[in-house]
C-alpha cells in the first residue's frame, strides 16, 4: 500500500474494510463520509461506530441519512445501483464541503474478485475486469489503496488494533448476485483467491492493448460520421470493441455480448432506413449509409 502526502476524504461504512482504511490514513483525512441507508434494523449501530471513532480522533464527519421514500422507485434487483448513485453523489458533495477532491474507498482484493466474476457471469465485454486501483467520479479522484489486500487480513487488523466494526447482515441475503459470489469466495483459500486475482490481472494487461487499438478505430469511425461500410470492412477482432465503446459513449446501459452482436448484425445487414431499439426511449437509426443513436424527447 503506497502512502503519500495527499489529503483525503474517505468513505466509511462502519465495516472492517473501511474502518481499517480509516485507521491507516487517519492523519491524512480532512473529512469522513458515511451513508446510512436505513435498510437494516441495525444500521444505526454502524453509524454510531463511525461517530465514535471520529469523536475519539477529532475527525470531521458528514452523514447522509437516506430517505426510505427513495426506495419506492427501485426494484429489488436494482437497489444496489441506486445505492451506488446515492453514495457517490454524496461523496462528491463532501468533496466540495471539505474542499478536497481525493476520495479513499476501502475496496479490497475480495471486492475486486466479486466484481470480476460478476462481469464474467454476465458475459459483458470489458476492457478491465474487476475494480481499478484509481478512477474518477465527476470532480473526484478515487483511490483504492487496499485493492491488493485480503478482506480477512483487514478484519484481523481491526481486531489487533481494537478497532470496532460492524458486519452488514444484508451480505447474507441471496437476493443479490454479489452476495452469492461472496459466499462462494468465502470457501476459497488465500492461494485460490490470489491465483484467480493474478489470472484476471493477466487478462487485463492483454485487454489494455486491445483497448488502445479499439479507441483508435472508433476515432476513425467517428471521422466518417459513423458510416455503415466502416463496420462492414473493419477487422473482425476489433468490431465488438468498437461497437461496445460506441454504445458506452452514448450512455447505453447493460452492454453485453448479445447486445453487441445484435447491433453489429443490424449495422451490416443490407436493409436500410431502419431503427433498432437499444433500450427504453433509445434507438439506433440506420439512414443514408450512416448510423446514429436517437432518443425520444
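Residue numbers (this note's numbering): 21 to 317. From the three backbone atoms N, C-alpha and C, an ideal C-beta is built for every residue, glycine too.
In this structure, residue 160 sits near residue 108, with a CB-CB distance shorter than 9 Å. Here residue 301 is exposed: its Cβ has fewer than 16 other Cβ atoms, across all protein chains shown, within 10 Å. At least 9 Å separates the beta-carbon of residue 45 from that of residue 153.
Between residue 34 and residue 201, the alpha-carbon positions lie close to 22 Å from each other.
Per DSSP, the beta-bridge partners of residue 157 are 160. Listed in chain order, the non-local C-beta contacts of residue 316 below 7 Å within the same chain comprise 301, local neighbours out to five positions each way being set aside. Around the beta carbon of residue 62, a 10 Å sphere encloses fewer than 16 other beta carbons of the protein chains shown; the residue is thus reported as exposed. With 16 or more other Cβ atoms from the protein chains shown falling within 10 Å of its own Cβ, residue 129 counts as buried. Considered as a whole, the stretch 76-146 harbours 99-117, 129-141 as its complete alpha helix (DSSP H) runs of no fewer than 4 residues, in chain order.
Inter-segment contact for the stretch 247-261 and the stretch 124-140 is absent: fewer than three beta-carbon pairs are separated by less than 8 Å. DSSP, read as helix, strand or coil, puts residue 28 in strand. Separation of residue 143 and residue 282 (C-alpha to C-alpha, rounded to the nearest whole angstrom) is 14 Å. In the pairwise beta carbon analysis, the stretch 104-118 is classified as not touching the stretch 70-78: fewer than three pairs are separated by under 8 Å.
Annotation: residue 48 to residue 173 spans about 22 Å, alpha carbon to alpha carbon. Between residue 186 and residue 43, the C-beta gap is not smaller than 9 Å, which leaves the two residues out of contact. For residue 234, the secondary structure class from DSSP, reduced to helix, strand or coil, is helix. Taking 9 Å as the cut-off, the beta carbon of residue 313 is found closer than this to the beta carbon of residue 267. Judged by beta-carbon spacing, residue 53 lies within the 9 Å limit of residue 32, meaning their Cβ atoms are closer than that value.
If you look at residue 298, you'll find it in the beta strand (DSSP E) that goes 294-299. Pairing residue 207 with residue 214, the inter-Cα distance amounts to about 13 Å. Shown here, residue 172 sits in a helix according to DSSP, grouped into three states.
Ranked by Cα distance from residue 307, the first of 274, 265, 298, 245 is 245.
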